[in-house]
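Numbering-wise (this note's numbering), the sequence shown opens with residue 17 and increments by one. Heads up, the beta-carbon is just placed ideally off N, CA and C, and yes, glycines get one too. Just below is one structure, and these are the notes that go with it.
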Amino acid sequence: MTPTRTDIRIAIPSKGRMQGPTLEFLSHCGFDIKQSVTRSYVGSVSALPGVTVLFQRPRDIAVSVANGGVDFGITGYDVIADTDTGAQTHVLHDALGFGRCKVVVAVPERWADVQSMADLAARTRQLPAPLRVVTKYHKLTADFLCRHAVTPFVLIDAEGSLEVVPEIGYADIIVDITETGSTLQQNRLRALSDGVMLHTEASLVANRQSLKRPEVMQIAVTLLEYFEAHLRAQGYVMVFANMRGDSAEAVAHAMRTQTTLGGLQGPTLSPVYVSHGQLPWFAVNLIVRRSELTDAIQQLRGIGGSGVVVTPVTYIFEEQPDRVRALKELVSQ
């Protein structure tokens, strides 16, 4: 049994495709990680005093969170699902916006008669021995194959790239992650049409018992608030423009009747102080979708806007996020 701890720990990937994007994402959310000089697997976050960062392999993170060795972890949803630790863990956020890929069943291209899971089941019944499947996802694979009546089969472990294993000859097919499918093609493999087992991306997971500690719960809320605010802001930019008008009401009327600009909650207007005798100017401030920026600039110009400045938005904090509300309900049960 894990001894009772008083510190707070969060584990992040120490290697692989998730390490760099995780550090970058945390930094953009305001949580820069400072790695220890003497212990490379330990770090700290100045914005979260008292929180220790541990660098672990992605699959080990899910296990550490489940057994209480760490309180939080950021890793792929695929490894969280495959460790089957739902009773001990709670996924706080399953869509952090990076590390997107899918877990697929892939067969050799020479198996021209196998295009679907039903085809694979039929071929498996004709094999002289159980279907040999190389994968790192034992639980997900076993459940998926059984659900599609692909039996009998044996699961084989392998280190490194799995794509080469069928070519070498000690497995028939693979179950692995893929982003574009190009690596599969390079190794003469093909994902089955209905062989997608799971869509996955970076996720934040917590130990259920740890969440009962008020200080851990507070960190969970803080992480979710900033993660959600940053993810929401990624689709928007802030636009400033100077607008000449007789009054703020006149500028507001022009924007309301001659444009479709509204921003998140309508534009903000404020006076620009000018020399005595000059016509009044007003500063217009609004937040628009990044995809609508060009149209917004043209509309502002159309009603006399000038000096348009565009800046990125780091956070958009609105009402309490649904994930925070759900977390509080979970802990209160």
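A Cβ-Cβ contact shorter than 9 Å links residue 156 with residue 214. Straight across, the Cα-Cα distance linking residue 296 with residue 44 is about 39 Å.
Taking C-beta separations shorter than 8 Å and ignoring five residues to either side along the sequence, the partners of residue 181 in its chain run 150, 172, 174, 187 and 190, following chain order. Taking 9 Å as the cut-off, the beta carbon of residue 131 is found no closer than this to the beta carbon of residue 200. For the pair of segments examined, the stretch 314-334 was found to touch the stretch 256-271: the number of CB pairs separated by less than 8 Å reaches three.
Note that the C-beta distance between residue 220 and residue 64 is not below 9 Å.
Three or more Cβ pairs closer than 8 Å define a contact, and the stretch 118-126 falls short of that threshold against the stretch 236-254.
For the pair residue 59 and residue 72, the CB atoms are not nearer than the 9 Å cut-off.
Taken atom to atom, the span from the alpha-carbon of residue 176 to that of residue 36 is near 19 Å.
Residue 48 and residue 42 have their C-alpha atoms spaced approximately 6 Å apart. Our two residues, residue 185 and residue 179, have alpha carbons roughly 11 Å apart in a direct line. Residue range 117-124 is occupied by the beta strand (DSSP E) that includes residue 117. Residue pairing for residue 200: DSSP places it in no beta bridge. Cβ neighbours of residue 233 within its own chain (closer than 7 Å, five residues either side excluded): 227 and 347.
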